[in-house]
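Participant: Here the protein sequences come in this chain order: A and B.
In terms of the working numbering, the first sequence is residues 12 to 257.
In terms of the working numbering, the second sequence is residues 362 to 660.
Quick one: the structure is below, and I'll ask about it shortly.
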Amino acid sequence: MKDFLLQVTSQQELVPGVFSLTLKGFTQEYEPGQFVQVEVAENYEPFLRRPISICDVEDNNLQLVYRLKGRGTKLLAKKKPGDKVRVLGPIGYGFPLKSQRATLIGGGIGVPPLLGLAKKMHGQGMEVTALLGFKNKEEAILLSEFAKYADLQVATLDGSSGRRGLVTELITNKDDLVYACGPEGLFRTLETLGVKGYYSLEKRMACGVGVCLGCNITVIKDEKELRQRVCHDGPVFPIGSVKWGD
Amino acid sequence: MIDIGGAKLKNPFMSASGCFGYGQEFAKIMELNSLGAIVVKGVSLEPWPGNKGVRVAETPAGMLNAIGLENPGIDYFLTHYLPWLNEKKIPVVVNIVGRSVDEYALVAQRLNETGVTALELNISCPNVKEGGIAFGTSKEKAFEVVSAVRKETSLPLWVKLSPNVTDIVEMALAVEEAGADALTLINTLTGMVIDIETGKPLLGNLTGGLSGPAIKPIAVRMIYQVAQKVKVPIVGVGGITSLDDALEFFMAGASAVQVGSALFRDPLLLSRLPGELESYLAKKQTNLGAIIGLARRNS
Ligand SMILES: Cc1cc2nc3c(=O)[nH]c(=O)nc-3n(C[C@H](O)[C@H](O)[C@H](O)COP(=O)(O)OP(=O)(O)OC[C@H]3O[C@@H](n4cnc5c(N)ncnc54)[C@H](O)[C@@H]3O)c2cc1C
Ligand SMILES: Cc1cc2nc3c(=O)[nH]c(=O)nc-3n(C[C@H](O)[C@H](O)[C@H](O)COP(=O)(O)O)c2cc1C
Ligand code: FES
């Protein structure tokens, strides 16, 4: 982990409201699933950094894909090539690779961090299936990129792209190790289906590095309840290990 | 060397409690030895689970926290965190929290002969429903808890005051009389954020403690007022984000300062401040002692 001052090389609106930002000079190794803490303005307003997952790193170019939400992401979207952005990372523990086959399941803005994962798995000769779910065709992102590394299937709620319905309805092989990122509802469905694997959580953060305890959750490990920090001990946790509602 | 009520520090910059954990995370990105001391997260007698729901919220020029003093308890601190800190030879100031006078006193007792540099009594945390609040906002209660802890320890005893009071000077005088060796000012101010989508308070605990630049002028004012009335040294904290901010605290009357939530945004700030102060003093051809309380002497 290091605090980098990186230069913007590109800022692109992939679909309305979702941007891809590329920053030059990210010289640290990373695991897919890890994230960075991004300073969105140089003065102290807004006060906190914003946690954004690493989508991909290629030749020290860090790619972040983010959705406009509030003040911070709006300021981030104003950055232009040549601007400098402070980025702390990589933070946390990413997805562990443990098998020869894997199913990646992404919902909405949870899709980006799975791209770096698909690429890494593909690079290691793994057989990768990517199931991506979006509200509609207009919100579908990174499809051609995923197609390079994985057998890709898409679901949309309105059926405007791929199959109509929830992304979890695309699951055919329940024996594959699952790697998921998306809303809590998706994770709960995966738990109900009884699949094994990992999910990447989101929780409001202040420090992002494990010192403030703003992001603590209860996790069940070896039948014991443990307090864990999503930023420092996650954001990736085994499917079924999180006690929801903290 | 700087002397804060018997605690000897090599420079006047420390982490603020709750904003630096027990040092292990920041050790990965900075040299902990650049600090005057580490003030660790509040430690209680038994483990505390903290608050449920959303615990942090950004606010104008700052943030609210309602962690609820989650911590693993004094035994775990002594066996899992302190040995590592002692090995690093960094002065450790242990922030103590409790729900009753006895709990505070018992934690203080457990810290005798453990090698820690000082105790900092958090009598001011506004988050915990049962504890904190009563001690920090009543001068009788504050006197009682500080006196009880004083009996248990000969370590330098710092008392961290709550700003959520009408008369900060009265509180400062009460804890000084009870035997405090130094005062830390200030803890967070109680605030609230409402989520207009749900129409409910955003934090699980409903209220939280406000920190960051938003509270800096209040901290400076309180230090200025208290420094005129007490003999013990003051450790300033609240909204420091730069050397210029720290200088305001020194000039108001603080002998040392702590940096808290600014680290969430600028994690390397504390590693830069000692060097920046030295350069400043050299350029101005002065020393820290001459700056402390300057604003009071000038007004
Ligand atoms: C580990 C992690 C990885 C993430 N990865 C991505 C990603 O790759 N792409 C992406 O678009 N978003 C991601 N998010 C969510 C992203 O952090 C928020 O959308 C963003 O912080 C919103 O900031 P804002 O100022 O635009 O919104 P505001 O609502 O104005 O933010 C106000 C405060 O709430 C916090 N906040 C608001 N929504 C969230 C949220 N969903 N999760 C955590 N904190 C939030 C902000 O950080 C800020 O402190 C991730 C979150 C986490 C915790
Ligand atoms: C997340 C968080 C946790 C805190 N925990 C403690 C604590 O355990 N004990 C304590 O005395 N103060 C605690 N504080 C208060 C800080 O030590 C400090 O007094 C306050 O944040 C003001 O300083 P700042 O503006 O530099 O953050 C905490 C503050 C924050 C933001
Ligand atoms: S955000 Fe501070 S501990 Fe996770």
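In this text, a Cβ means the ideal position worked out from N, Cα and C, and glycines have one as well.
Since the structure is predicted, the reported quantities are computational estimates derived from the model, not experimental observations.
Residues of chain A with CB under 7 Å from B/Lys-389, in chain order?
Facilitator: Under the 7 Å cutoff, chain A gives Met-12.
Participant: Would you tell me roughly how many angstroms separate the C-alpha atoms of A/Phe-15 and B/Leu-638, rounded to the nearest one?
Facilitator: Using only the alpha carbons, I get a separation of about 24 Å.
Participant: Secondary structure at B/Met-532, three-state DSSP: helix, strand or coil?
Facilitator: It is helical.
Participant: For the stretch 589–658 of chain B, which segments carrying the beta strand (DSSP E) assignment without a break, of at least 3 residues, lie completely within its bounds, in sequence order?
Facilitator: The stretch 589–658 of chain B contains these whole beta strand (DSSP E) runs: 595–598, 617–620.
Participant: Could you check what DSSP says for A/Ile-18 in three-state terms: helix, strand or coil?
Facilitator: Residue identity check: residue 18 of chain A is Gln in the sequence provided, not Ile. Of the three classes helix, strand and coil, the one that applies to A/Gln-18 here is strand, per DSSP.
Participant: Check whether the stretch 521–533 of chain B and the stretch 568–583 of chain B are in contact - that is, three or more C-beta pairs closer than 8 Å.
Facilitator: Contact holds: three or more Cβ-Cβ distances are below 8 Å.
Participant: With 8 Å as the threshold, decide whether the Cβ of B/Gly-560 is near any Cβ in chain A.
Facilitator: It does not: the Cβ of B/Gly-560 has no partner Cβ on chain A nearer than 8 Å.
Participant: Against chain E, does A/Tyr-55 count as a neighbour if the rule is that its beta carbon must be under 8 Å from one of theirs?
Facilitator: In the displayed structure, chain E is absent; the protein chains listed are A and B.
Participant: Is any non-hydrogen atom of ligand 2 found closer than 7 Å to the C-beta of B/Asn-483, if you look at the structure I gave you?
Facilitator: B/Asn-483: yes, Cβ under 7 Å from ligand 2.
Participant: What did DSSP end up calling B/Asn-525 once you bin it into helix, strand or coil?
Facilitator: Coil at B/Asn-525, not helix or strand.
Participant: Residues bridged to A/Cys-192 by DSSP?
Facilitator: According to DSSP, A/Cys-192 bridges with A/Gly-117, A/Ser-211.
Participant: Which word fits B/Pro-578, buried or exposed, when buried means at least 16 other C-beta atoms lie within 10 angstroms of its C-beta?
Facilitator: Label assigned to B/Pro-578: exposed.
Participant: In three-state terms, what does DSSP make of B/Tyr-585?
Facilitator: The answer is helix: DSSP assigns B/Tyr-585 an H, G or I state.
Participant: Use the C-beta contact count for A/Gln-23: other C-beta atoms within 10 angstroms, 16 or more gives buried, fewer gives exposed.
Facilitator: Classification for A/Gln-23: exposed.
Participant: Where do the ends of the beta strand (DSSP E) carrying A/Arg-238 lie?
Facilitator: Taken as a continuous stretch (DSSP letters only), the beta strand (DSSP E) holding A/Arg-238 covers 235–240.
Participant: Which residues mark the beginning and the end of the alpha helix (DSSP H) in which B/Arg-416 is found?
Facilitator: Note, B/Arg-416: premise wrong, no alpha helix (DSSP H); not H, not E.
Participant: Check whether the Cβ of A/Cys-226 sits closer than 7 Å to any heavy atom of ligand 3, and report yes or no.
Facilitator: A/Cys-226: yes, Cβ under 7 Å from ligand 3.
Participant: Counting only Cβ pairs nearer than 8 Å, list the residues of chain A close to B/Ala-422.
Facilitator: Per Cβ cutoff of 8 Å: Tyr-55, Glu-56, Phe-58.
Participant: Is DSSP giving B/Val-489 helix, strand or coil here?
Facilitator: Note that B/Val-489 scores a pLDDT of 49, beneath 50, so its modelled location is shaky and nothing firm can be said.
Participant: Round the Cβ separation of A/Glu-59 and B/Phe-381 to the nearest angstrom and send it over; I've been treating them as touching at under 8 Å.
Facilitator: According to the sequence shown, residue 59 of chain A is Leu rather than Glu. A/Leu-59 to B/Phe-381, Cβ: 16 Å. No contact.
Participant: Going along the chain, which residues of the stretch 18–49 of chain A sit with their C-beta nearer than 9 Å to a C-beta in chain B?
Facilitator: Flagged, chain order: Gln-48.
Participant: Sorry if obvious, but does the Cβ on A/Thr-33 come closer than 7 Å to a heavy atom of ligand 1?
Facilitator: Outside the cutoff, so no.
Participant: First and last residue of the alpha helix (DSSP H) that includes A/Tyr-104?
Facilitator: That residue, A/Tyr-104, is in no alpha helix (DSSP H); it is neither H nor E in DSSP.
Participant: Can you pull the chain B residues whose beta carbon is under 8 Å from the beta carbon of A/Val-98, in chain order?
Facilitator: Result: empty, since nearest Cβ-Cβ is about 12 Å, beyond 8 Å.
Participant: Within this structure, are the beta carbons of A/Ile-102 and A/Val-47 separated by less than 8 Å?
Facilitator: Yes, the pair counts as a contact, with Cβ atoms nearer than the cut-off.
Participant: Using the Cα positions of B/Val-587 and B/Asn-483, report the straight-line distance between them to the nearest angstrom.
Facilitator: About 18 Å.
Participant: Quick one: which chain B residues come within Cβ less than 8 Å of A/Asp-257?
Facilitator: The contacting residues are Lys-413, Gly-414.
Participant: For a test of the three-state rule: what should DSSP assign to B/Ile-555, helix, strand or coil?
Facilitator: It is a strand residue.
Participant: Taking the CB atoms as reference points, tell me whether B/Phe-374 and B/Val-598 lie closer together than 8 Å.
Facilitator: Not in contact: B/Phe-374 and B/Val-598 (Cβ atoms no closer than 8 Å).
Participant: Is B/Ile-662 near B/Leu-608, with beta carbons less than 8 Å apart?
Facilitator: Residue 662 of chain B lies beyond the range of chain B shown here (362 to 660); nothing can be said about it.
Participant: By DSSP, does B/Gln-470 sit in helix, in strand, or in coil?
Facilitator: Residue state, collapsed to three classes: helix.
Participant: Measure the CB-CB distance between A/Leu-153 and A/Ala-166 and report whether it falls below 8 Å.
Facilitator: In this structure, A/Ala-166 does not lie closer than 8 Å to A/Leu-153 by Cβ.
Participant: Do B/Leu-425 and B/Gly-569 have their C-beta atoms within less than 8 Å of each other?
Facilitator: Result yes, Cβ atoms of B/Leu-425 and B/Gly-569 sit closer than 8 Å.
Participant: Alpha carbon to alpha carbon, how far is B/Val-554 from A/Gln-111?
Facilitator: Cα-Cα distance, rounded: 48 Å.
Participant: Since A/Phe-248 is in the beta strand (DSSP E), which residue starts that stretch and which ends it?
Facilitator: Per DSSP, A/Phe-248 belongs to the beta strand (DSSP E) from 247–249.
Participant: State yes or no: is the beta carbon of A/Gly-245 nearer than 8 Å to at least one beta carbon in chain B?
Facilitator: Chain B contact via Cβ: absent.
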